[in-house]
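So, in structure tokens, the structure goes:
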């Protein structure tokens, strides 16, 4: 018997908008998507805001009035996408897009200095950027080609203050081309999500750790003083986690162990810093945004990606990430922080 994705009860009657949710959970989910707040005096950093969860999270915050700094490796692609939104003219002055490769520690340090120098404060950090699967060379080549084409549109005229594109030191994790390093190339039949642990390259392993946990550590700690300068009562750090990082999840296997480790590390960052940061009314949460995408190779076990339909949408994921912000925006006393939230409720680590 199929069960509801959220409450796990038998799915006897499905919600009209959610094929994997019961009516009660579906209605609750729709209500949470409508939760809003006034963020007109907030400066918010959202890492990885070009596509998917980060994009919809940034949109939700922009539409709430916030000034949002979005990071991405492909800023022109990001600006092109944001500019297609029907209400772009309403919030475009509040959007800042910063080019950064979060695999490169030198670029993270330069970005931190940029924030410290150019902004009087910071109110919220959303550590969303993540690498789950190392994409193929073809995937990145197509993005770089598109970025080059867009440069003739956006960079030929100084009309786009949203862009803060800088080049920093080209610090690489590893430049070795040793034959001892296994470099698994993503294909339609195979990727690191289904690879054996011994087949995951050290290069990819390190990339995942740096992007998913080291970068959030640097941003949380180095930008603490910027958060303390906020004139808003409550400040927030949202670490976007996943079920892969949960120790309480019983269905653990040796697959995608590099992602499991990185997300578990991110959860420990939340748990370790929360009490100290709460002294300054900086409240930290880990949030599982829910199942919104498919990481399996296109043809894995004969299941074609086009047929996949996730239980939740990117809008649902954004609502989960923004939930503690809107819920506790003006609360003098918070009933929970330093916790992992899944489907809007506290979960065991």
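In our numbering, the protein residues as written are 18 to 366.
Ideal Cβ placement from N, Cα and C applies to all residues, glycine included.
Three-state secondary structure (DSSP) of residue i
{"i": "residue 293", "result": "helix"}
{"i": "residue 333", "result": "helix"}
{"i": "residue 93", "result": "helix"}
{"i": "residue 345", "result": "coil"}
{"i": "residue 356", "result": "coil"}
{"i": "residue 243", "result": "helix"}
{"i": "residue 223", "result": "helix"}
{"i": "residue 361", "result": "coil"}
{"i": "residue 132", "result": "helix"}
Cα-Cα separation, residue i to residue j
{"i": "residue 354", "j": "residue 255", "result": "10 Å"}
{"i": "residue 128", "j": "residue 308", "result": "30 Å"}
{"i": "residue 220", "j": "residue 347", "result": "44 Å"}
{"i": "residue 284", "j": "residue 45", "result": "26 Å"}
{"i": "residue 375", "j": "residue 233", "result": "Nothing can be reported for residue 375: it is not among the residues displayed for the chain, which extend from 18 to 366."}
{"i": "residue 298", "j": "residue 131", "result": "24 Å"}
{"i": "residue 235", "j": "residue 268", "result": "31 Å"}
{"i": "residue 143", "j": "residue 250", "result": "18 Å"}
{"i": "residue 259", "j": "residue 300", "result": "19 Å"}
{"i": "residue 246", "j": "residue 23", "result": "38 Å"}
{"i": "residue 209", "j": "residue 136", "result": "Its pLDDT being 49, under 50, residue 209 is placed unreliably by the model, and the measurement read from it follows with that caveat. In a straight line, the C-alpha of residue 209 is about 39 Å away from that of residue 136."}
{"i": "residue 228", "j": "residue 120", "result": "6 Å"}
Close-in-space but distant-in-sequence residues of the same chain around residue i (CB under 6 Å, 5 per side omitted)
{"i": "residue 32", "result": "38, 40, 43"}
{"i": "residue 261", "result": "276, 277, 280"}
{"i": "residue 184", "result": "Residue placement at residue 184 is poorly supported in this model, since its pLDDT is 35, which falls under 50; the coordinates are not used for a value here."}
{"i": "residue 90", "result": "118"}
{"i": "residue 125", "result": "232, 235"}
{"i": "residue 95", "result": "67, 89, 114"}
Same chain, Cβ closer than 7 Å to residue i, five either side skipped, listed in chain order
{"i": "residue 57", "result": "82"}
{"i": "residue 133", "result": "243"}
{"i": "residue 326", "result": "36"}
{"i": "residue 351", "result": "300, 345"}
Residues of its chain near residue i, where Cβ-Cβ distance is below 8 Å and the 5 sequence neighbours each way are ignored
{"i": "residue 63", "result": "71, 74, 75, 78, 85, 86, 87, 88, 143, 145"}
Heavy atom of the ligand PLP within 6 Å of residue i beta-carbon
{"i": "residue 236", "result": "The ligand PLP is not part of this structure, which contains no ligands at all."}
Item to complete: Would you list, in sequence order, the uninterrupted beta strand (DSSP E) runs of no fewer than 3 residues that lie entirely inside the segment 23-86?
Response: 60-63
Item to complete: Please confirm if the segment 96-105 is in contact with the segment 43-55, defined as three or more CB-CB distances below 8 Å between the two stretches.
Response: no
Worksheet item: Is the segment 77-92 touching the segment 107-124 in the sense that three or more CB pairs, one from each, lie closer than 8 Å?
Response: yes
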